[in-house]
Structures are given as structure tokens and as C-alpha cells.
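*Asks:* Protein sequences, first through last, are from chains G and H. Per our numbering, the very first residue in the first sequence carries number 181; after that it's consecutive. Per our numbering, the very first residue in the second sequence carries number 181; after that it's consecutive. One structure coming up, written as C-alpha cells, with questions to follow.
Protein chains: 2
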Amino acid sequence: MGIKDDAVEVRAQGWRTLAALHGLIESELERSLQAEAQLSVVEYTVLDALSRQDGWHMRMQQLARATALSASATTRLVNRLEDRGLLTRILCADDRRGIYTELTASGIKLLEEARPTHDATLERALAEAQDIPELAPLVDALPKLHAHA
Amino acid sequence: MGIKDDAVEVRAQGWRTLAALHGLIESELERSLQAEAQLSVVEYTVLDALSRQDGWHMRMQQLARATALSASATTRLVNRLEDRGLLTRILCADDRRGIYTELTASGIKLLEEARPTHDATLERALAEAQDIPELAPLVDALPKLHAHA
DNA sequence: TATTTATTGTTGCACAAGCAGATACCACGC
DNA sequence: GCGTGGTATCTGCTTGTGCAACAATAAATA
């Protein structure tokens, strides 16, 4: 075992920790968001991402990258949300291949109803992860990434 | 905006960063493992977890927790791997509800063939993430979690 | 201008996931 | 022993996902 092999193993372990924490949080979010707002985590992510945009427009492909989803999955995801009246498609004039999406009032409303659930579940999930020795260090590291004070 | 609201927002941002990095890495692993070893990330995770058990077997439910998968998904995942001859089910004597899984020689072999691909892809994905400003801090933090030297 | 090449988004298909219900088994109280 | 409640796994059904092929538009090039 040389230094090189150690680096490989450290990366692998970091990835396992990341995946484990991600899985834990996502599972809990999935359940609570589904129960409280009939939204999957990805659906919430889309609404949240749209609400966070300046000008409130995003193209399909941006959405696909933001959610780490395939193009086809994104199409259908937007279909579902559009069918529920939470967002609308807007053909964009300058590039007629492109399609913008925009939250409707109903979408904004649902997002704001869901946000407390999301935030509370996230807090609870992180607290649970704190109690798991392998995950605790990563939980501690997270808030330090963007702490600005 | 008080201190409390800040904490909520910091957690949310940490979660978005975590999810984004996870999605990026998983996508790349998915592609490369599928191409090189016909394994999905979850399948690789199972084989890896079993190999790491060092003589000990794993029960279905442990596997479900290790992969953040539902019980039914775990059943079918094990079915797939068993059908390919990569692992075997072992009824355990003391608790006849329980089922242990164990890697076959063929499973060990495939895992060892896949590991270099996995490790290389992971390194590449992390390097790419390094170039994305929002992700870089988390990438830097990861190896510090388990560094032991 | 005409023709190729690249990009953006949608659809057909096969497969993996979760939920709810079923089955087999353990543990405890009577 | 018998029944009750809880646990471990499997199956039927519905839904979401990725890949590959496609249509429409833009950009590049001759």
C-alpha cells in the first residue's frame, strides 16, 4: 500500500459517506414532501430552482443539469408539473428550439407551503445523521461550506 | 432575517451542494460502470459492500439500508445479481426468515475488474467538480473526513 | 443560397423503483 | 399448547427513468 493507493481508498470512502448521507436525507424528504405536498424531491427541486432564478425562467436543459436528470426525464417531469398547473411552458422567441418554464401563481403557492416541511425534514434528517458515527463528520462539514459570518 | 432563518438557509444550501455533487458523481459512475462491467452503481455498491464484510454475510435488510433502497427493490436487485451468478442466497439457520447473501468467485472477479473503472471515474468526476465553484469546497472537504495520517 | 453539422426538445420502449398486500417465521403472554 | 403482534422477505401493480431514434431549428460552410 503506497501513498497512491491510500488516496484512492480515501476518495472511495468519502464517496460512500456522501452517498449514504444523500440517501438518508433524500429518503426522508421524499416521504415528507410526498405526504405534505404530493411532491417528489425532484419536483420540489425544480420548483425551488425556478423560484430562485432571476427573471423566473429556465430552459429544459438547465433544468436537466440542475436536477441531474436525463433530457427525457426532464420533459416528463415538466409535463407532470404543467398538467398540475404549477408551471407553464413558454416558447422563446430568439431561439425557437428553446423552451422556457415559469412558475405559475399556484406553483409559487405550493412551493411556499412545502418549504417549511422541506426545511424541517432536512433539519431532522441531519440531526439523525449526526448520531451515525460515519456520517457525523460530513454533517459537521456541510454548514461550513457556505457559512458567511 | 434572523439567525434562525440563516441556519435554515445554510442547511438548504448545503443540501443542494451535496445533492449536486452526488448527482454528478453518480451519473458518471453509472455510465462508466455500465459500459465496462454491465453494472449499475447500486449493483456495484452491493458487491463492494459484500466484499467488505470480510467473511461475514449480509442480510437483505442490511443491504437495503446500505443502499438506501426499499425492501422490494433489494429483493429484485439480489435476484438480478444471483441470476448472473455473482452472489448466492444462503438461508440462515438460527432465524429462518433471514437470508444471507454471499459473493461467488465470479462476483469477486467481476468486482475486481470493475474496481479500477470505479476508482478512475470517481477521481475524474471529483476533478471535474473541483472546477465548479459551488462544488469545489465540498470536494475539498471530503478527503479530510477520513484522512488518517 | 444550398448543404451539411450541431443543438434542443419530445417520443417509444424496456427496466428498475416504491407501495401495498401476502406469506413465512419469531417472540411473548395466556 | 394457542393466539397476538412484530419482523423478514417476496409478489403484483403503477410510475418514473434512461437510452436510442426522431423532429425541428440554429449555426457553419461551401
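Ideal Cβ positions, reconstructed from N, Cα and C, are used throughout, including at glycine.
Give the residues from the region 187–200 of chain H that approach chain G closer than 9 Å (Cβ to any Cβ), ordered along the chain.
*Replies:* Ala187, Val188, Glu189, Val190, Arg191, Ala192, Gln193, Gly194, Trp195, Arg196, Thr197, Leu198, Ala199 and Ala200
*Asks:* Can you check the region 197–266 of chain G for any alpha helix (DSSP H) of at least 4 residues that lies completely inside it and give the ranges in chain order?
*Replies:* 221–232, 240–247 and 251–263
*Asks:* Could you spell out where the beta strand (DSSP E) holding Glu308 (chain G) opens and where it closes?
*Replies:* Where Glu308 (chain G) is concerned, there is no enclosing beta strand (DSSP E), although the alpha helix (DSSP H) it sits in stretches over Ala285 to Gln310.
*Asks:* Check whether the Cβ atoms of Ser231 (chain H) and Leu315 (chain H) sit closer than 9 Å, and answer yes or no.
*Replies:* no
*Asks:* From what residue to what residue does the alpha helix (DSSP H) around Asp274 (chain G) run?
*Replies:* It is not in any alpha helix (DSSP H) - Asp274 (chain G) carries neither H nor E in the DSSP assignment.
*Asks:* For Ser212 (chain H), count neighbouring C-beta atoms within 10 Å of its own C-beta (all shown protein chains included) and say buried if the count is 16 or more, exposed if not.
*Replies:* Buried: at least 16 other Cβ atoms inside 10 Å.
*Asks:* Alpha carbon to alpha carbon, how far is Ala192 (chain H) from Asp299 (chain H)? Give it in angstroms, no decimals.
*Replies:* 30 Å
*Asks:* Give me the Cα-Cα distance between Ala273 (chain G) and Met240 (chain G), rounded to the nearest whole angstrom.
*Replies:* Their Cα atoms are separated by approximately 15 Å.
*Asks:* Return helix, strand or coil for Glu282 (chain G), following the three-state DSSP convention.
*Replies:* strand
*Asks:* Alpha carbons only, please: which of G:Val190, G:Arg196 and G:Leu257 is nearest the one belonging to Arg245 (chain H)?
*Replies:* G:Arg196
*Asks:* Measure how close the beta-carbons of Val222 (chain H) and Thr247 (chain H) come, nearest whole angstrom, since I'm counting them as under 8 Å.
*Replies:* 5 Å
*Asks:* Give a yes or no on whether 9 Å exceeds the smallest Cβ distance from Ser207 (chain G) to chain H.
*Replies:* yes
*Asks:* Between the region 304–324 of chain G and the region 275–294 of chain H, do three or more beta carbon pairs fall short of 8 Å?
*Replies:* no
*Asks:* In or out: Glu206 (chain G) buried (at least 16 other Cβ within 10 Å) or exposed?
*Replies:* buried
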